[in-house]
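Position 202, counted from 1, in the sequence shown is what my numbering calls 209; the numbers after and before it change by one each time, with no gaps.
Heads up, the thing below is written out as structure tokens.
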Amino acid sequence: AWERIAIGKQACVLRGFALRWQQALLDELTHITSQAPFRHLITPGGRHMQVAMTNCGHFGWYSDRLGYRYVRADPLSGQPWPAMPSSFIELAAQAADAAALPAFAPNACLINRYTVGTRLTLHQDEGDASQPIVSVSLGLPAIFLWGGHERGDATQKLPLQHGDVVVWGGVDRMRYHGVMPVKDGASPVAHPLLAGQRINLTFRRAG
Ligand code: MD3
Ligand code: FE
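Given below as structure tokens:
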């Protein structure tokens, strides 16, 4: 059972929506991260990001001294990113449908890993605002910061738990957002990938 909660004109939380897929997601994540391990990317300003990242799908989000961009191959291996598993594609498509958005066929999945204390500072996502974003939270809970269209706008705190899915489209795509430092706790499911960690899958259409 899941529940839909509106958080904006074209954004909503689907509480527990991913629970039905959790075993498939964790099995696939184990495989993906064995091919393309988590790593701390470098910002254009020369800092290491706190969040560790990897990708699957036709395009992967990447950052280094040259800037941010989507790349077709993993710079660590020179190989294409691992394919997007069908369970990932189905979950993202069904979430967009549950959010009453047009058909969504993601070709990029950014996989973010937060250990205890890790945060993601307030930022705006670039990219095609005509396409929605679907985000899946796994492991430790976190508080998502949900702002406005200017950096200084007030933010709302939105707690996200294991199995929650958030869908962002249209006018809400360019809002500032971030994640507060993840607190220690027991992961709601026993799995090596989730012990003391939060994993977030962000599905997009890129390229
Ligand atoms: C809200 N990731 O990777 S969920 C990111 O939990 C990112 O790992 C967060 O922000 C995380 O860029 C947040 C995904 C998300 C992505 C794009 C958004 C939330 C968004 C665009 C507009 C509003
Ligand atoms: Fe973001």
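No residue lacks a Cβ here, since even glycine has one placed at the ideal position from N, Cα and C.
Predicted model only: the values in this text are computed from it and were never measured.
Residue environment, residue i, which counts as buried when at least 16 other CB atoms sit within 10 Å
i	result
L83	exposed
Q271	Residue numbering for the chain in the displayed model covers 8 to 214; residue 271 lies beyond these limits and cannot be assessed.
A107	exposed
T128	exposed
G146	buried
P188	exposed
I12	exposed
V58	buried
V178	exposed
P113	buried
P139	buried
R120	buried
Own chain, CB closer than 6 Å to residue i, minus 5 neighbours either side, in chain order
i	result
L36	L200
I39	C63, P89
A115	G64, F66, R211, A213
G170	G23, A25, L26
Chain-order list of residues whose beta-carbon lies under 8 Å from that of residue i (same chain, five-residue window excluded)
i	result
D50	Checking the sequence, you will find Thr at residue 50 rather than Asp. If we look at T50 and ignore the five residues flanking it on each side, its Cβ neighbours are M56, S70.
R79	H65, F66, G67, P87, W88
G53	R72
S194	G146, L147, H169, L201, A202, G203, Q204
L48	H55, M56, M60, Y69, S70, D71
Host beta strand (DSSP E) of residue i (start-end)
i	result
A105	Run containing A105: none in the beta strand (DSSP E); it sits in the alpha helix (DSSP H), 93-105.
I39	Per DSSP, I39 belongs to no beta strand (DSSP E); it is in the alpha helix (DSSP H), 29-42.
H184	184-186
V143	140-146
H169	Looking at the DSSP string, H169 is not in any beta strand (DSSP E), and its letter there is neither H nor E.
W153	149-153
W68	67-71
T125	From DSSP, T125 is part of no beta strand (DSSP E); its letter is neither H nor E.
A193	Note, A193: premise wrong, no beta strand (DSSP E); not H, not E.
N62	59-64
F210	204-211
Contact test: residue i Cβ vs the ligand FE heavy atom, cutoff 7 Å
i	result
D132	yes
H156	no
H5	What is shown of the chain runs 8 to 214, which leaves residue 5 out entirely.
Beta-carbon contacts of residue i that lie in its chain and below 7 Å, excluding the five residues immediately before and after
i	result
I14	V20, W153, L165
M181	Q131, A136, H156
Q163	W153
The ligand MD3 heavy atom lying under 7 Å from the CB of residue i
i	result
N207	yes
S194	no
N119	yes
V173	yes
F151	yes
I96	no
L127	yes
R180	yes
S142	yes
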